Each structure stands twice: as C-alpha cells, then as structure tokens.
Amino acid sequence: MEELRFSDAGRLYHAYIISAASREEGLRRARTLAAAAVCTGEGPVPCGKCRACRKAESGIHPDITTIRRQTDDKGKQRREITVDQVCWMIGDAYVLPNEAARKVYIIEEAEAMNPAAQNKALKLLEEPPKGVIFLLCTVNPEKLLPTVRSRCAELKCNEGMAERDEEADKLAAAYVKTVSGGDRAKLLRWCMENEGMDNRSALAFTDSTQTLLADMLCGRKPRLGLTEESIAELIRLMERCGSYLKANTGIKHIFGLLAVDPPLGSGNRGKDS
Ligand SMILES: [Zn+2]
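When we follow our numbering, the leftmost residue of the sequence shown carries the number 976, and every step to the right adds one.
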C-alpha cells in the first residue's frame, strides 16, 4: 500500500507542469496562474484590475520571470535551455521578491531543458525557497525526467479540445463540492454511491476534476473556500488516481482513496478565497 500514498509529509506543491496541446495555450494558462499568484485584488484571482495584474499582463511584473531558450550571437534560437540558465534561476529564486508576496518562474518549453539542466532544476523543485512558484510549460510532459515530474503537480489544459464529457464534469463538480463541504462521512457516502462506474467513466471523472481544480487555481472558478494548498493536493490526488486507473487498479480502491485522502475544506460559507 505504501506506493499508493499520495502525499508525503512536507512535500511541496509549488511546482506545476502545465501541459497543453499548443505552446501558446500552455503559456496563456501559465501567465494567468502567475498573475493569480501576484494579484493583490479582492475576490477571485487574478482580478485583472490591480496594479500587479496589469503589470503581469503587460509582461513587466518584476516578480514574474520567464525562462526560455536564448538566442546565440547570430540571433538564432538555441536548441536547449542550458544549465547556466537554470543556475541563474536558482540564484535569483533565493532573492526576495521585489513587490509581490511571491516570485514566479515560467519555464517555456520546459522539455527544452537538457537532462543536466533538469537535474540541476530538480534540487530547486525539491526544496524551493519559500513563496516561489515554478510553472513548467510543455506540450510533451513525457520528455521531462520522471524525477522532475514527480515533484510537480500537473495541470492539463483541455481548452479547445473537441468535446467535454458533461456527465464527468457534473461528477467532478459534485465531488469537489463535497470535499469543500468538510464532512468526511458525506464524502465517504458520495464515493460509495459512485464507485460502481466503469474504468473509462472514472478516468473521464478524474480528468474533469483535474481541469476544474486547475480552473479554480487560476481563478476561473470559485475556490469554494479551499486553500491553494488543498487544491494543489487534490490535483495530485487526481493525477495519481488517473494513473492507477490507466494501470487498471480496481475502481473501489480508487474511490477509497478519493474518500480518505483529500484535505477537507472548512465547509463552504460562501467565501471565495
Ligand atoms: Zn489583481
């Protein structure tokens, strides 16, 4: 059972892999998330109105840094993100933020980090300085080292994908609502009522839930009183359950995890933070 544990004590949830079908889409999602991290507005973040949001939108926020492939002396883009660039990022990450409460690093085409660069980044992902968030954008998460992937929560962007599975979306909304309600017995009951579904439906459900949680994190959907940490933890749980489902682990087992593992909300009192 040990390998089915989904979170280790002290594991950090401040690194995300943003996987999208296109580079632009992933980057767009990363920028929204970065703005949400520095936003100083009220209500759902990013508010889009505060100074921090406006700076983030114009790409001039001093605490949001984008790492991308550099160009060489001839103006040609290099093929890789180098170890030197990662070393620079490590040094910079330890410098306190300029004006926001956090610093955000967006790594464009994270798969362009060569293995040496990824290994270098690993240390940082394992023990990131407090308040630092890493957003690794990629169209191909398979190209990242498994050690890197295991340190990050994966946000899948399904935007623009053909059809959404409505039934799965409804289940996802019901599940997250139950978790946020904070009543473990209720959650257990919900899971028992739904453990009869087949593998395909369960996978669609975990996918939809992941997308919903990503939207909550980006401020596109109300957070139902769940903290950022809880949402990140739930995303990892969904990811874990998804991979178990793909390995044909029994549905009852999955729903057992879904009932027992999530951090519960404090009960939604209509507060959106
Ligand atoms: Zn704002």
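Think of the CB as a built atom: it goes at the ideal place given N, C-alpha and C, for glycine as much as any other residue. Small disclaimer: the values here were computed from a predicted structure and weren't measured.
I'd like the span of the alpha helix (DSSP H) that includes residue i, first residue to last.
i: C1062; result: 1058 to 1068
i: E1074; result: No alpha helix (DSSP H) holds E1074; DSSP gives it neither H nor E.
i: P1238; result: Run containing P1238: none; DSSP gives neither H nor E here.
i: M1191; result: 1174 to 1192
i: T1015; result: No alpha helix (DSSP H) holds T1015; DSSP gives it neither H nor E.
i: S1155; result: 1141 to 1156
If you count every other CB in all the chains shown that lies within 10 Å of the CB of residue i, and 16 or more means buried, which is it?
i: P1090; result: exposed
i: R1026; result: exposed
i: L1125; result: Residue identity differs from the one stated: residue 1125 is Ser in this sequence, not Leu. So S1125 counts as exposed.
i: V1289; result: As shown, the chain starts at 976 and ends at 1248. That puts residue 1289 outside it, with no answer to give.
i: R1215; result: buried
i: T1184; result: buried
i: K1051; result: exposed
i: T1113; result: buried
Does the distance from the CB of residue i to the CB of residue j come in under 8 Å?
i: V1151; j: L1162; result: no
i: G1240; j: G1171; result: no
i: C1193; j: R1003; result: no
i: A990; j: L1100; result: yes
In whole angstroms, give me the CA-to-CA distance for residue i and residue j.
i: P1249; j: C1014; result: Residue coverage of the chain in this structure runs from 976 to 1248, which leaves residue 1249 outside it and unanswerable.
i: E1084; j: R1043; result: 7 Å
i: E1168; j: R1159; result: 14 Å
i: R1006; j: P1072; result: 17 Å
i: I992; j: A1128; result: 6 Å
i: C1022; j: A1149; result: 26 Å
i: Y1219; j: L1212; result: 11 Å
i: L1232; j: T1181; result: 12 Å
Let's see if you can read the secondary structure: which residues bound the beta strand (DSSP E) around residue i?
i: K1336; result: This structure cannot speak to residue 1336, because the chain is shown only from 976 to 1248.
i: S994; result: 990 to 994
task: Identify every run of the beta strand (DSSP E) within the segment 1026 to 1050, keeping only runs that are complete inside it and at least 3 residues long; order them along the chain.
output: 1039 to 1042
field: Whole runs of the alpha helix (DSSP H) within the segment 1197 to 1229, excluding any shorter than 4 residues
entry: 1203 to 1221
field: beta strand (DSSP E) segments (min. 3 residues) lying fully within the segment 1077 to 1118
entry: 1078 to 1082, 1107 to 1113
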